[in-house]
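Quick note, the sequence shown lines up with residues 8 to 235 if you use the working numbering. Each residue gets a CB set at the ideal place from its N, CA and C atoms; glycine is no exception. Just so we're clear, the structure is a prediction, and the values are computed from it rather than from any experiment.
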Amino acid sequence: MELILAPSMLSANFAHMESDLKRAMSQGVKWLHVDVMDGHFVPNISFGPPVISSVREAVPDAMLDVHMMVKEPSRFIEDYKACGAGQITVHAEATTQLFGTLQAIREVDLRAAVAINPATPVSDIEPVLELCDMVLVMSVVPGYGGQSLIPETLDKIKQLVHLREQRGLSFDIEIDGGVKQSNLEEVLDTGANVIVAGSAIFKGNIEENVRSFREIMARWREDHSKAE
Ligand code: DX5
Ligand code: ZN
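Here it is, written out as structure tokens:
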């Protein structure tokens, strides 16, 4: 599967978002991870459609990977489509209508994805995997950037790789929370192929941070294809 780096704009400097995002994109980034928080599903509030529309204009080539940490997200699918989302991820814990919500995302021609919190087992989303273009495994409790990865969550990625093979499916697997250069190899070994990183990209030198992530990913890919 293609290895994708998705920097999380939550950790960018909101006062100069455009320049931070362009600095990341200049190093070959294709996806931007967009964390929408409603103050209910998670205690924090981040940003919504007006900010995302501006980001869409500032970096038109980016694939906007919208992670909705929002209660009953089906209410907002049209809004996020209109502001330029390429994919919408909804939390299994945030809705009683998971099937319908994923179907509604696909009906507006967006990629649909489901996310699970650290305490949610993979079995909770097994019935909806056929409707998913991606599964997001949260490796921290959602709400804030800059937390440490919870190692117990990594096993769920391995379970998903197994289920995907068993069922002949092709969804991407994204990991979100606490990924850094120092644990990236371990994360890639689990089978995750979409890597979200916030503070490890936007704190410090953005270009250097992206380059080092991409180098580790390229090296891992090379070692891995040799082994195959
Ligand atoms: C957490 C968000 C993450 C966060 C990742 O609720 O979903 O996307 O921004 O940030 P880091 O990489 O700093 O853990
Ligand atoms: Zn996120």
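Where residue i falls: helix, strand or coil (DSSP)
i: PRO50; result: coil
i: LEU71; result: strand
i: ALA12; result: At residue 12 the sequence reads Leu, which differs from the Ala that was named. In this structure, LEU12 counts as strand in the three-state DSSP scheme.
i: VAL144; result: strand
i: LEU39; result: strand
i: ILE95; result: strand
i: ASP196; result: helix
i: ILE223; result: helix
i: VAL186; result: coil
i: ILE157; result: coil
i: VAL77; result: coil
i: ASP45; result: strand
i: VAL58; result: helix
i: VAL129; result: helix
i: VAL168; result: helix
i: ASP179; result: strand
i: VAL135; result: helix
Minimum C-alpha distance to residue i - residue among the options
i: THR197; options: GLU25, ILE164 and THR160; result: ILE164
i: SER18; options: ASN212, ARG228, ARG218 and ALA225; result: ASN212
i: PHE178; options: HIS40, THR96, LEU39 and HIS23; result: THR96
i: ALA31; options: ARG221, ASP230, GLU214 and SER232; result: GLU214
i: THR160; options: LEU176, LYS187, VAL194 and GLU137; result: VAL194
i: GLN166; options: SER60, ALA199, PRO50 and LEU39; result: ALA199
i: VAL115; options: CYS90, LEU143 and VAL142; result: CYS90
i: PHE54; options: LYS29, PHE21, MET70 and ALA126; result: PHE21
i: ILE112; options: THR103, VAL217, GLN188 and ILE84; result: ILE84
i: GLY153; options: ALA207, PRO125, MET141 and GLU222; result: ALA207
i: PRO128; options: LYS233, GLU192 and ALA99; result: ALA99
i: SER61; options: LYS233, THR103, LEU28 and GLY205; result: LEU28
i: LEU170; options: ASN190, GLY205, VAL58 and ASP131; result: ASP131
i: ASP45; options: GLU192, ILE59, MET76 and ILE123; result: MET76
i: HIS23; options: ASP230, PHE209, LYS233 and VAL217; result: PHE209
i: PRO158; options: ILE182, MET141 and LEU176; result: ILE182
i: ARG226; options: ASN216, VAL217 and GLU192; result: GLU192
8 Å Cβ cutoff met for residue i and residue j
i: ASP68; j: ALA13; result: no
i: GLY184; j: MET145; result: yes
i: HIS47; j: LYS88; result: no
i: GLY150; j: VAL49; result: yes
i: MET16; j: VAL36; result: no
i: LEU117; j: ALA92; result: yes
i: VAL186; j: LEU156; result: yes
i: LEU138; j: ALA119; result: yes
i: ILE180; j: VAL201; result: yes
i: ASP162; j: GLN94; result: no
Neighbourhood of residue i by C-beta distance below 6 Å, restricted to the same chain and skipping five residues each side
i: ASP86; result: PRO56
i: GLU25; result: ALA65
i: TRP38; result: ILE11, ALA13, MET70 and ASP72
i: MET8; result: ASN200
i: GLY205; result: SER15, LEU17, SER18 and GLY152
i: ASN124; result: GLU100 and MET145
Cβ shell of residue i (< 7 Å), same chain only, five flanking positions each side left out
i: VAL135; result: LEU105, PHE106, LEU109 and VAL121
i: GLN188; result: ALA207, SER219, PHE220 and ILE223
i: ARG63; result: LEU71, CYS90 and GLY91
i: ASN190; result: LEU156
i: ASN216; result: ALA207 and ILE208
Own chain residues within Cβ distance below 8 Å of residue i, not counting five before or after
i: ARG228; result: LEU10
i: ARG174; result: LEU136 and GLU137
i: SER33; result: GLU214
Minimum Cβ-Cβ distance from residue i to chain E less than 8 Å
i: LEU28; result: Checking the listed chains, one finds no chain E in this structure; it contains a single protein chain.
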